[in-house]
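If you read the protein sequences in the order shown, they are chains G and W.
For the first sequence, the working numbering begins at 2 and goes up steadily by one.
For the second sequence, the working numbering begins at 2 and goes up steadily by one.
Glycine included, every Cβ here is placed at the ideal spot set by N, Cα and C.
The structure appears right after this line, and notes come after that.
Protein chains: 2
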Amino acid sequence: MTTRTAPGPRERLLEAAKELTYRQGMGVGVDALLKAANVARRSLYEHFGGKDGLVTEVLRLTAAEDEAAYEQTMRAAGDDPRRRLLAVFDWLGEIIEEPDFRGCRYLAAELALTDPEHPGHAVTRRYRERVHDLLEAELRRLGHPRPAYAADQLLLLIDGTLAVGATRPGTHPAAAARQLAEQILGEPRRS
Amino acid sequence: MTTRTAPGPRERLLEAAKELTYRQGMGVGVDALLKAANVARRSLYEHFGGKDGLVTEVLRLTAAEDEAAYEQTMRAAGDDPRRRLLAVFDWLGEIIEEPDFRGCRYLAAELALTDPEHPGHAVTRRYRERVHDLLEAELRRLGHPRPAYAADQLLLLIDGTLAVGATRPGTHPAAAARQLAEQILGEPRRS
DNA sequence: TGGTCGATAGACCGAACGGTCTATCTACAA
DNA sequence: TTGTAGATAGACCGTTCGGTCTATCGACCA
Numbered sequence: 002m003t004t005r006t007a008p009g010p011r012e013r014l015l016e017a018a019k020e021l022t023y024r025q026g027m028g029v030g031v032d033a034l035l036k037a038a039n040v041a042r043r044s045l046y047e048h049f050g051g052k053d054g055l056v057t058e059v060l061r062l063t064a065a066e067d068e069a070a071y072e073q074t075m076r077a078a079g080d081d082p083r084r085r086l087l088a089v090f091d092w093l094g095e096i097i098e099e100p101d102f103r104g105c106r107y108l109a110a111e112l113a114l115t116d117p118e119h120p121g122h123a124v125t126r127r128y129r130e131r132v133h134d135l136l137e138a139e140l141r142r143l144g145h146p147r148p149a150y151a152a153d154q155l156l157l158l159i160d161g162t163l164a165v166g167a168t169r170p171g172t173h174p175a176a177a178a179r180q181l182a183e184q185i186l187g188e189p190r191r192s
Numbered sequence: 002m003t004t005r006t007a008p009g010p011r012e013r014l015l016e017a018a019k020e021l022t023y024r025q026g027m028g029v030g031v032d033a034l035l036k037a038a039n040v041a042r043r044s045l046y047e048h049f050g051g052k053d054g055l056v057t058e059v060l061r062l063t064a065a066e067d068e069a070a071y072e073q074t075m076r077a078a079g080d081d082p083r084r085r086l087l088a089v090f091d092w093l094g095e096i097i098e099e100p101d102f103r104g105c106r107y108l109a110a111e112l113a114l115t116d117p118e119h120p121g122h123a124v125t126r127r128y129r130e131r132v133h134d135l136l137e138a139e140l141r142r143l144g145h146p147r148p149a150y151a152a153d154q155l156l157l158l159i160d161g162t163l164a165v166g167a168t169r170p171g172t173h174p175a176a177a178a179r180q181l182a183e184q185i186l187g188e189p190r191r192s
């Protein structure tokens, strides 16, 4: 039986950091993280080597989760690549409406991590390319003439949606983006 | 004759803060700002009341500058609203290519200023609405059936362009956005 | 039973943070 | 010439920062 073991300090730290680095930004103090996770100071340095290691691991973790969320969203939309791609924007619309939505975590991280050598940058860059490739694969299945370029455009719409969702709540950027996405995908193929 | 007086401490501080808050983020230390501006510590608190007052004033200043840059870009593009709107994306393309481009200052500020009561938020919000209204006015002149909604979409493309420009250099988001913008504007009117 | 290892609490470190203060200097006006 | 206002340098304040360290605790295993 897969009994759920009580999460250890490492898991508690990751969970607390995931939450706090998003809500409070990358500037959260170590003390705040430790208190939120109920973890001894030493454990942080044992497991992650320092704050940078922790936030990098958080980025890695959430990137995997979000990547899976893209895949799950498309899987739930069925087989038609057109429907699958448009479903992404419906999903974004839901995310934006969540009360504690604060914009794209990865964009915020890249803007906040001043040091270009911070290992977090590599994680966010890889994440973006993975999403790009997911989109491109669908576009290819759709028979789009320029799948890579169209994926660039869809990614631009996604980033725009998340940015506007954070800065102009009340407008409905996901719906506006979805309409533009339809034009990228071209006329629906009438079988 | 309009002899250019040597800039006083206030101007030097604003200029240094404009530069450093963009390059290093809102987390720059007061000491770094003072050193860069060659200004006494006391002067900062005399003129701006504190760091928050300074960065808010910087946002106000750059918002006015950027607003003027939008207007100038459109003015230089002539009278046709379609050309004027598309010129914005050409201009964004130039901005993104600048070697020290680091993304949208206002989005970065909004993500970095955790405290929702920080006066900077009001400045960035106002700025966005001003740009929106500039776009909407052109769309109205163009005879667009839904100028406010189309302005939402253009603003989304702008934010997406700046985000992608910061996170995926090498791709050419401004050109990709421009093409989508053309579709928002509709078929060019053949006089 | 004793040993080991992971975790705990928390003192402690030097550095940097934002902000206040005194004292001095300089330019300009009365 | 003297007074005044604005700017200067920089000491100083308490707090917080990320990070290190010691000491203790408790669970599991030999």
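The DSSP-derived three-state label of P170 of chain G is strand. The DSSP-derived three-state label of H145 of chain W is coil.
At a cut-off of 7 Å between C-beta atoms, V132 of chain G does not count as an interface residue with respect to chain W. Listed along the chain, the chain W residues whose CB falls inside 8 Å of the CB of P174 of chain G are D153, L157. For L112 of chain G, the chain W residues whose C-beta falls within less than 8 Å of its own C-beta are G26, R103, G104, L108, A109, L112, A113, A167, listed in chain order. Going by DSSP, F49 of chain W is part of the alpha helix (DSSP H) stretching over 42-49. Using a Cβ-Cβ cut-off of 7 Å, L181 of chain W counts as an interface residue toward chain G, since at least one Cβ of chain G sits closer than that to its own.
Counting the other Cβ atoms within 10 Å of the Cβ of R106 of chain G gives 16 or more, which makes it buried. In the displayed model, D91 of chain G falls within a helix according to three-state DSSP.
Between G94 of chain W and A178 of chain G, the alpha-carbon positions lie close to 20 Å from each other. When Cβ-Cβ separations below 7 Å define contact, A7 of chain G makes no contact with chain W.
Annotation: R103 of chain G is outside any alpha helix (DSSP H) and is labelled neither H nor E by DSSP. Secondary structure of E188 of chain G (DSSP, three-state): coil. Excluding the 5 residues flanking it on each side, G121 of chain W has same chain C-beta neighbours closer than 7 Å at V56, T57, L60, A110, L114, in chain order. In terms of CA proximity to G144 of chain W, W:I185 leads the group W:K52, W:A123, W:I185.
In the three-state DSSP reduction, D116 of chain G falls in the coil class, being neither helix nor strand.
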